[in-house]
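Colleague:
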Amino acid sequence: MATEATPVVDERIKAESFMAGLMKRPELGAIAGVLLVTVFFLFAADSSMFTLAGFMNFMSPAAQLGILAIGAALLMIGGEFDLSLGSMIAFTGLFFGACVMTFGLPLILAIPATLVFAAFVGAINGQIVIRTGLPSFIVTLAFLFIYRGLSLVGLKWATGGSTQLRGVREATAADFLTPIFSGDAFPGVFTALGDMGLIDTFKNGTPKVPGIPVEILWFIFIAIVATYVLLRTPVGNWIFASGGDANAASNSGVPVRSVKISLFMVTALCAGLVAIITVLDSGSTDARRGFQKEFEAIIAAVIGGCLLTGGYGSAIGAFFGAIIFGMVLIGLSYTAIDQDWYLVFLGGMLLIAVLFNNMIRKRVTGER
Amino acid sequence: MSEPIVHMESIEKHFGNVIALAGVTFDVRPAECHCLLGDNGAGKSTFIKTMSGVHKPTSGTITFEGKPMSFDSPRDSMEAGIATVYQDLAMIPLMSVTRNFFMGREPTKGRGLLKRFDTDTANKVAIEEMKKMGINLRGPDQAVGTLSGGERQTVAIARAVYFGAKVLILDEPTSALGVRQTSNVLATVDRVRKQGIGVVFITHNVRHALAVGDRFTVLNRGKTLGTAMKGEITPEELQDLMAGGQELATLEGSLGGTV
Numbered sequence: 071m072a073t074e075a076t077p078v079v080d081e082r083i084k085a086e087s088f089m090a091g092l093m094k095r096p097e098l099g100a101i102a103g104v105l106l107v108t109v110f111f112l113f114a115a116d117s118s119m120f121t122l123a124g125f126m127n128f129m130s131p132a133a134q135l136g137i138l139a140i141g142a143a144l145l146m147i148g149g150e151f152d153l154s155l156g157s158m159i160a161f162t163g164l165f166f167g168a169c170v171m172t173f174g175l176p177l178i179l180a181i182p183a184t185l186v187f188a189a190f191v192g193a194i195n196g197q198i199v200i201r202t203g204l205p206s207f208i209v210t211l212a213f214l215f216i217y218r219g220l221s222l223v224g225l226k227w228a229t230g231g232s233t234q235l236r237g238v239r240e241a242t243a244a245d246f247l248t249p250i251f252s253g254d255a256f257p258g259v260f261t262a263l264g265d266m267g268l269i270d271t272f273k274n275g276t277p278k279v280p281g282i283p284v285e286i287l288w289f290i291f292i293a294i295v296a297t298y299v300l301l302r303t304p305v306g307n308w309i310f311a312s313g314g315d316a317n318a319a320s321n322s323g324v325p326v327r328s329v330k331i332s333l334f335m336v337t338a339l340c341a342g343l344v345a346i347i348t349v350l351d352s353g354s355t356d357a358r359r360g361f362q363k364e365f366e367a368i369i370a371a372v373i374g375g376c377l378l379t380g381g382y383g384s385a386i387g388a389f390f391g392a393i394i395f396g397m398v399l400i401g402l403s404y405t406a407i408d409q410d411w412y413l414v415f416l417g418g419m420l421l422i423a424v425l426f427n428n429m430i431r432k433r434v435t436g437e438r
Numbered sequence: 587m588s589e590p591i592v593h594m595e596s597i598e599k600h601f602g603n604v605i606a607l608a609g610v611t612f613d614v615r616p617a618e619c620h621c622l623l624g625d626n627g628a629g630k631s632t633f634i635k636t637m638s639g640v641h642k643p644t645s646g647t648i649t650f651e652g653k654p655m656s657f658d659s660p661r662d663s664m665e666a667g668i669a670t671v672y673q674d675l676a677m678i679p680l681m682s683v684t685r686n687f688f689m690g691r692e693p694t695k696g697r698g699l700l701k702r703f704d705t706d707t708a709n710k711v712a713i714e715e716m717k718k719m720g721i722n723l724r725g726p727d728q729a730v731g732t733l734s735g736g737e738r739q740t741v742a743i744a745r746a747v748y749f750g751a752k753v754l755i756l757d758e759p760t761s762a763l764g765v766r767q768t769s770n771v772l773a774t775v776d777r778v779r780k781q782g783i784g785v786v787f788i789t790h791n792v793r794h795a796l797a798v799g800d801r802f803t804v805l806n807r808g809k810t811l812g813t814a815m816k817g818e819i820t821p822e823e824l825q826d827l828m829a830g831g832q833e834l835a836t837l838e839g840s841l842g843g844t845v
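Sequence order for the protein chains is D and W. Each residue of the first sequence is one higher than the one before, counting from 71 in this note's numbering. Each residue of the second sequence is one higher than the one before, counting from 587 in this note's numbering.
Put into C-alpha cells, the structure is as follows:
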C-alpha cells in the first residue's frame, strides 16, 4: 500500500528494513520481554511450568493484572494516570460484596450496579482532573488514600467491625451468572480432551486443568476490544490525539474532555470487573484487595510501550506486559530462586522498559 | 472584482481596560492572498482569533458570504469554512500523517458497533492530498515528528483545504522556517489560492508578504493603517507603516537600508 502510493523515490530516504519497521511498534519491547522471560524459565524452571496446568497457573494472575493494565494503558495513551486503581478494586469490591451480602441482590442486579458504581467513581476522578486542570497524578494519588480509607470504613460498617466480608461464594453459588465471572470455562471440552488422552489427567480420569479460568477469557476479550478501538475506530484516534497534545486535538475538533473522562471511567470499569472476579473467586472481599495494583498495572502498561507523557502505546503491549508479570511472579516458584526477587525484577524491568521506550520514541519522531 | 467571502467592519476588541483592536476593517475575496502585516503587539493575533471565532468582537460586524455572522466558537467558524492554521499547527508529532490529517474528522465505514475508522481510504487520501501539495510521503504511517517544519505546515494547509475551507488563515507560517522551506510554503499558498480559496496571510516579514500577496493591510496599535494593492506599494513603505513611521526611518539611516 505504502510503496505503490509513493512512486517518486526521495533519494535522501534509505529503504526501511523489516526490522527497522518492527522497531517502531510500541509493543515490540513487551513481546521481546515475553520471549526473554520464556527462555529464562525454560532453562531455570521446573519443566512443569510449561505444561497446560503451569500455563494456566501463571496466566491467571497475569489476566487479573492484565485487565487493569489494559485500562491503565488506554488512560496513559490518553495522557492521564490513575493511581487510585488498586484502591478502587477494594472499594468497588466492597460495594459488590455489600450488594450481594448486605442487600441480598442477585448477581444480575449486583454486577451491573457494581459496574455503574465503578464508572461513577471513575467519572469523579476524571471530572476533578479535567475541571481543576490539576495533574491526574496528584488527584488520583489523593483518591488512592480516600478509596482505601472508605473501603476500610465501609467494610466495618457492612460487617459490624471486621475488615473482611465473607460468604459471597455461598451466596452466589447457585446464581446463573456466577460461571461467567468465576471458575473455569469450557469444563466439558477439557473433560473430553482428557478422555481422549490429549491433555494430562489425574489418576481418576479428571483432567488436571478443569477449564480455562474465566479471567483469562475476559483478559483476551478486553485486549482485543481495546486494540480494535485504538487502531480501527475514530475514538482510538481521539485517544492518541488527546494524549499527544490536548490543545492541538481540541483545536482540531476532538472532544478531548469527554475522551479523557470516558477513559477514566473505562479504567475504573476494569477495576470493577477485576473486583467482581476476585470477590466471586475468593468468596470474600477485604480492604487490602488490589494493594499496589495501580503501580503494577502502570508498570505493565509501560513495559507494553506506553509513554509516561501520553500519546503513544498499545493495548497489545500491556497484554504482554501483564503476561511477563504473571510468568515471573509464578515462575520463580518453579525455580530455586527466592520469590522475593520478584520485586527486584519489577523495578529493573520498569527501568529497562522506560529507557527502551525513550529510544523508540526518538526513532518514531526522528529526533536526534 | 468578486465579492468578499468574509468582510470584517470596524472590529473592536477590548480585554478589560486594554483596547487590543480599535476599529479594524478587513476583507478577503476568493482566490486572493490578503496579507495582514504588523509588528509584534499590533493586534494580529487578536484579530485572527476574532475572525476564527475564538474571541467575540466587542463591537463591529462580520459578514460571511454577504450574510451577517456571529461566531460563538472556533467550531462555528470552522463549519462555515474558515480554517485557521496556527503557529503550533495543531499537529501531534507522535502520530502518523494520516492520523493527524483526519484528527477529529475521521472517515468511517460500517455501521452500528462495526462503525470503524476507514484507514485505507484515510491513507489514500492523505498520500494524495500531500502529493498535490508537492510532498511525497514515505508512507501514510510516517510520524509527523519526522517531517520538517515546512512540511508540517503543508500538512496543516492540505488538511484545511481538503476539509473544504473557503478562507484559510495562516498565522505566521514562515516565521520559523529556513529559506527553502519558506519558498515551499509560499508555493503552497499560491497553489491554494489558485483553487479559489481566500488566504489570509499573517506575517511580519515584508518580503514573504510581497512574494505571494495580492493585497496588503498593515495593522499598527490595534488599527488598520490602510490597504494597498500589489504593485502600489514598495517594501520600504510597508516596512515603515508596520513600524509606525518615524522610528524605523531614523534607524534605517544608520543601518544602511538593510532592515
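For each residue, glycine too, the CB sits at the ideal point set by N, CA and C.
For a contact defined as C-beta to C-beta under 8 Å, what are the partners of residue 678(W) on chain D?
Modeller: Those within 8 Å of residue 678(W) in chain D are 310, 311, 314, 315, 318, 319, 381.
Colleague: Taking 8 Å as the CB-CB limit, is residue 694(W) close to chain D?
Modeller: Yes, residue 694(W) lies at the interface with chain D (some Cβ there is under 8 Å from its Cβ).
Colleague: Work out the CA separation of residue 735(W) and residue 219(D) for me, nearest whole Å.
Modeller: Cα-Cα distance, rounded: 51 Å.
Colleague: My assumption, with CB atoms under 8 Å, is that residue 119(D) sits in contact with residue 391(D). Please give the rounded CB distance.
Modeller: Incorrect: roughly 19 Å between the Cβ atoms, too far for contact.
Colleague: Under 8 Å, Cβ to Cβ, is there at least one residue of chain D near residue 660(W)?
Modeller: At least one chain D Cβ lies under 8 Å of residue 660(W).
Colleague: Please list, in chain order, the residues of the stretch 332 to 361 of chain D that have any C-beta partner in chain W closer than 8 Å.
Modeller: Hits within the stretch: zero.
Colleague: Let me see if you follow: with CB-CB separation under 8 Å, is residue 427(D) close to chain W or not?
Modeller: Answer no: the Cβ-Cβ gap between residue 427(D) and chain W never drops below 8 Å.
Colleague: Per DSSP, what kind of secondary structure is residue 681(W) in: helix, strand or coil?
Modeller: Looking at residue 681(W) - three-state DSSP - the assignment turns out to be coil, as it is neither helix nor strand.
Colleague: Could you tell me whether the stretch 255 to 266 of chain D touches the stretch 366 to 385 of chain D, using the rule of 3 or more Cβ pairs below 8 Å?
Modeller: Counting Cβ pairs under 8 Å, fewer than three are found: no touch.
Colleague: Going by DSSP, which residues form a beta bridge with residue 622(W)?
Modeller: Paired residues: 788(W), 803(W).
Colleague: With DSSP as the reference, identify every bridge partner of residue 645(W), one or two as the case may be.
Modeller: Paired residue(s): 598(W).
Colleague: Just to make sure I have the definition right: I need the residues of chain D whose C-beta is within less than 8 Å of the C-beta of residue 672(W). Which are they?
Modeller: Under the 8 Å cutoff, chain D gives 321.
Colleague: Tell me the DSSP secondary structure of residue 362(D) in three-state form.
Modeller: In this structure, residue 362(D) counts as coil in the three-state DSSP scheme.
Colleague: By the DSSP assignment, the beta strand (DSSP E) with residue 125(D) in it spans what residues?
Modeller: Element bounds for residue 125(D): not the beta strand (DSSP E) but the alpha helix (DSSP H), 122 to 147.
Colleague: DSSP on residue 73(D), reduced to helix/strand/coil?
Modeller: Since pLDDT at residue 73(D) reaches only 42, below the 50 mark, its modelled position is unreliable, and no value is offered.
Colleague: Which ranges would you report for the beta strand (DSSP E) in the stretch 356 to 406 of chain D if only whole runs of at least 3 residues count?
Modeller: Listed in chain order, nothing qualifies, since the stretch 356 to 406 of chain D has no complete beta strand (DSSP E) run of 3 or more residues.
Colleague: By the three-class DSSP mapping on this structure, what secondary structure does residue 660(W) have?
Modeller: Helix.
Colleague: 8 Å is my cut-off, CB to CB: does residue 738(W) come that close to chain D?
Modeller: So no, residue 738(W) is outside the interface.
Colleague: Hey, how far is the Cα of residue 141(D) from the Cα of residue 695(W)?
Modeller: Roughly 26 Å separates the two Cα atoms.
Colleague: Start and end of the beta strand (DSSP E) containing residue 654(W)?
Modeller: Taken as a continuous stretch (DSSP letters only), the beta strand (DSSP E) holding residue 654(W) covers 653 to 655.
Colleague: Measuring only the C-alpha atoms, how far is residue 434(D) from residue 113(D)?
Modeller: If you take the alpha carbons of residue 434(D) and residue 113(D), they lie about 35 Å apart.
Colleague: Do you know offhand how far residue 845(W)'s Cα is from residue 428(D)'s?
Modeller: With a pLDDT of 49 at residue 845(W), under the threshold of 50, the modelled position of that residue is not reliable, and the figure given next carries that caveat. Distance between the alpha carbons of residue 845(W) and residue 428(D): 43 Å.
Colleague: Give me, in chain order, the residues of the same chain whose beta-carbon lies closer than 6 Å to that of residue 347(D); leave out the 5 immediate sequence neighbours on both sides.
Modeller: Excluding sequence neighbours, residue 347(D) sits near 251, 285.
Colleague: Quickly, what does DSSP pair residue 292(D) with across the bridge? List them, please.
Modeller: Beta-bridge pairing links residue 292(D) to no other residue.
Colleague: Residues of chain W with CB under 8 Å from residue 127(D), in chain order?
Modeller: Those within 8 Å of residue 127(D) in chain W number zero; the least Cβ separation is about 35 Å.
Colleague: Under a Cβ-count criterion, where at least 16 other Cβ atoms within 10 Å of its own Cβ denotes burial, should residue 310(D) be classed as buried or exposed?
Modeller: So residue 310(D) counts as buried.
Colleague: Residues of chain D with CB under 7 Å from residue 702(W), in chain order?
Modeller: Those within 7 Å of residue 702(W) in chain D are 302, 303.
Colleague: Roughly how many angstroms separate the alpha carbons of residue 322(D) and residue 124(D), rounded to a whole number?
Modeller: Near 50 Å, if we compare the C-alpha coordinates of residue 124(D) and residue 322(D).
Colleague: Alpha carbon to alpha carbon, how far is residue 743(W) from residue 628(W)? Give it in angstroms, no decimals.
Modeller: Approximately 25 Å, taken between the alpha carbons.
Colleague: Could you check whether residue 163(D) and residue 327(D) sit closer than 8 Å to each other, using their CB atoms as the reference points?
Modeller: No, Cβ-Cβ distance for residue 327(D) and residue 163(D) is not below 8 Å.
Colleague: Mind checking who residue 809(W) pairs with in its DSSP beta bridge?
Modeller: DSSP, once it has assigned bridges, lists 806(W) as partnering residue 809(W).
Colleague: Please list, in chain order, all residues of the same chain as residue 672(W) whose beta carbon is under 8 Å from its beta carbon, the five residues on each side excluded.
Modeller: Correct list, in chain order: 757.
Colleague: With a 10 Å radius around its C-beta and 16 neighbouring C-beta atoms as the bar for buried, classify residue 589(W) as buried or exposed.
Modeller: With fewer than 16 Cβ atoms within 10 Å of its Cβ, residue 589(W) is classed as exposed.
Colleague: Looking at the structure shown, is residue 766(W) part of a helix, part of a strand, or coil, going by DSSP?
Modeller: It is helical.
Colleague: So the beta strand (DSSP E) residue 617(W) belongs to, where does it begin and stop?
Modeller: Careful: residue 617(W) lies outside any beta strand (DSSP E) and carries neither H nor E.
Colleague: Kindly indicate the opening and closing residues of the alpha helix (DSSP H) around residue 243(D).
Modeller: Run containing residue 243(D): none; DSSP gives neither H nor E here.
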